[in-house]
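Reviewing the structure listed below.
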Amino acid sequence: MSGRSFSVATWNVNSLKVRLPHLGQWLQSSHVDVVALQETKVTDADFPFDEIRDLGYRVVAHGQRTYNGVALLARSEISDVLCGIPDFSDEQARVLAATVEGVRIIDVYVPNGQSVGSDKYLYKLRWLDALRTYLTAALQEYSKVIVLGDFNIAPEDRDVHDVKAWEGQVLVSEPERAALAGILDLGFIDTFRQSSQAAGAYSWWDYRQGAFRHNAGLRIDLVLASERLSKDLDGCLIEREPRGWERPSDHTPVVASFNLK
DNA sequence: ATGGCTAACATGGTTAGA
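The first sequence begins at 2 in the numbering used here and counts up by one.
Below, the structure is given as structure tokens:
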């Protein structure tokens, strides 16, 4: 018996003001049900709510000036909105959760970490520990949970274009990967890896030195699904096209499709 | 080769991203 189709996307837009036309063009063809944005870099007061409603989406935002900022777009009703990580004091707007069609959606913009051993790296590891605690509670409250966003961690060597160059560096270092593994161990599936074992499938390419042309990238944008939901997974696709458009984000959208039973 | 791009803030050059 066939269920209800439900598609969810993540996209680090690296400034929503600059990328609003890209978002509009992409949504016209993709028609996804839910979009989680990161690095909107816009305050809630300046957020383009009307423009996004005109694209056919309801929207909630958790933003700040200049840096960070997350938003959730959905074709249907958005409820039980929660900003940030509970019991974790953070001035940076990086997490936004809401329920759509009975699915708990948690949009995350994991800190970059700058360089291994730096203060920002230690903040990243503390932050990931707090996220793990949050997701433990979320799984107790909800069975259908999707955690998606810019994780700023390449899970495995096959998610890295040049393993020698990146080995031990931020985004690839062992403590970061262990923190991600600790989150997956709670009962989440990396939806891309459930549907593809391919190497060389990336979601981010540096702006410099023709990295996209050479496919010199990393897979750091992930859609994780709780075990209950992963049973309904149709597939996960990295949509490369928007990365090749004029004035692109350095990240490209990643879409997971479900057939909800 | 600690450069290379891009965006914000500002209006030149710094900070940050990944």
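Beta carbons are placed, not taken as given, at the ideal position from N, Cα and C, and that holds for glycine.
(Q) Let me check one thing: in DSSP terms, what residues is T100 bridge-paired to? (A) Counting from one through the first sequence, the residue named residue 100 turns up at place 99. BP columns for T100 point to S80, R105.
Q) With 16 other CB atoms within 10 Å as the buried threshold, where does D51 fall? A) Translated into positions along the first sequence, residue 51 becomes position 50. D51 is exposed by the Cβ-count criterion.
Q. Taking all protein chains shown into account, do 16 or more other C-beta atoms lie within 10 angstroms of the C-beta of N216, making it buried, or fewer, making it exposed?
A. As a working mapping, residue 216 is identified with position 215 in the first sequence. Label assigned to N216: exposed.
(Q) Measuring straight from C-alpha to C-alpha, what distance separates A257 and G236? (A) Mapped onto the first sequence, residue 257 falls at position 256. Mapped onto the first sequence, residue 236 falls at position 235. Taking the straight line joining both Cα atoms gives about 6 angstroms.
Q. Looking at the unbroken beta strand (DSSP E) that takes in H63, where does it start and where does it end?
A. Position 62 of the first sequence, counted from the start, is the residue given in the question as residue 63. Run containing H63: 59 to 63, per the beta strand (DSSP E) assignment.
Q.
Using the Cβ count rule (16 or more neighbours within 10 Å means buried), how would you classify V33?
A. The count along the first sequence starts at 1 and reaches residue 33 at position 32. Per the 10 Å Cβ criterion, buried.
**Q.** Euclidean distance between Cα positions of S263 and S144
**A.** One cannot answer for residue 263 here, as it falls past the ends of the chain, which runs 2 to 262.
Q. Quick one: what's W206 bridged to in DSSP?
A. As a working mapping, residue 206 is identified with position 205 in the first sequence. DSSP output for W206 lists G218 as bridge partner(s).
(Q) Suppose the cutoff is 6 angstroms on Cβ atoms and the five residues either side in sequence are ignored; what does the same chain contact list for V111 look like? (A) Taking the first residue of the first sequence as 1, we reach residue 111 at position 110. Counting only Cβ-Cβ distances below 6 angstroms, and skipping sequence neighbours, we find F152, N153.
Q. Which of helix, strand or coil does DSSP assign to T67?
A. On the first sequence, position 66 is the one that residue 67 refers to. Three-state DSSP puts T67 in coil, outside helix and strand.
Q: Could you check what DSSP says for I154 in three-state terms: helix, strand or coil?
A: In the first sequence, residue 154 corresponds to position 153, counting from 1. It is coil, neither helix nor strand.
Q) Terminal residues of the continuous beta strand (DSSP E) containing D120? A) By 1-based counting over the first sequence, the position of residue 120 is 119. No beta strand (DSSP E) holds D120; the alpha helix (DSSP H) holding it covers 120 to 142.
Q) H252 bridges to which residues according to DSSP? A) Counting from 1 along the first sequence, the entry for residue 252 is found at position 251. According to DSSP, H252 bridges with W205.
Q.
For K121 and N113, what's the separation of their Cα atoms in angstroms?
A. On the first sequence, residue 121 is found 120 positions in, with the first residue counted as 1. On the first sequence, residue 113 is found 112 positions in, with the first residue counted as 1. Answer to the nearest angstrom: the Cα atoms are 8 angstroms apart.
Q: Measure from the alpha carbon of L1 to the alpha carbon of each residue in S197, S30, S204, then state which is nearest.
A: Residue coverage of the chain in this structure runs from 2 to 262, which leaves residue 1 outside it and unanswerable.
Q. How many angstroms separate the CA atom of L234 from the CA atom of T192?
A. Taking the first sequence and counting its residues from 1, one reaches residue 234 at position 233. Taking the first sequence and counting its residues from 1, one reaches residue 192 at position 191. Whole-angstrom Cα-Cα distance: 8 angstroms.
Q: Measure from the alpha carbon of P254 to the alpha carbon of each residue in T11, V43, S6, then state which is nearest.
A: Residue mapping note: residue 254 aligns to position 253 of the first sequence, counting from 1. Closest by alpha carbon: T11.
Q | Three-way DSSP call (helix, strand, coil) for D235 in this model | A | As a first step, residue 235 is located in the first sequence; it is residue number 234 there, counting from the start. D235: strand per DSSP, three-state reduction.
Q) Among the residues of its own chain, which have a CB less than 6 angstroms from the CB of L17, if the five just before and after it don't count? A) As a first step, residue 17 must be located in the first sequence, where it is residue number 16. Same-chain partners within the cutoff: T41, V43.
Q. Do you know how far the Cα of H162 is from the Cα of C84?
A. Looking up residue 84 in the first sequence gives position 83. Looking up residue 162 in the first sequence gives position 161. Each residue's Cα considered, the two are about 34 angstroms apart.
Q: Flag this pair as yes or no: are the beta carbons of R95 and V71 separated by less than 8 angstroms?
A: Indexing the first sequence from 1 puts residue 95 at position 94. Indexing the first sequence from 1 puts residue 71 at position 70. In contact: R95 and V71 (Cβ atoms closer than 8 angstroms).
Q: Whole angstroms is fine: what's the gap from N69's alpha carbon to Q93's?
A: Counting from 1 along the first sequence, the entry for residue 69 is found at position 68. Counting from 1 along the first sequence, the entry for residue 93 is found at position 92. Approximately 7 angstroms, taken between the alpha carbons.
**Q.** DSSP-derived helix/strand/coil call for A226
**A.** Along the first sequence, read from residue 1 onward, the residue named residue 226 stands at position 225. It is a strand residue.
Q) By Cβ distance below 8 angstroms, which residues in the same chain neighbour S3 in space, the five residues on each side in sequence not counted? A) Taking the first sequence and counting its residues from 1, one reaches residue 3 at position 2. Around S3: N260.
Q) Does the distance from the C-beta atom of L97 to that of L73 stay below 8 angstroms? A) For the purposes of this step, residue 97 is identified with residue 96 of the first sequence, where counting begins at 1. For the purposes of this step, residue 73 is identified with residue 72 of the first sequence, where counting begins at 1. Closer than 8 angstroms, so yes.
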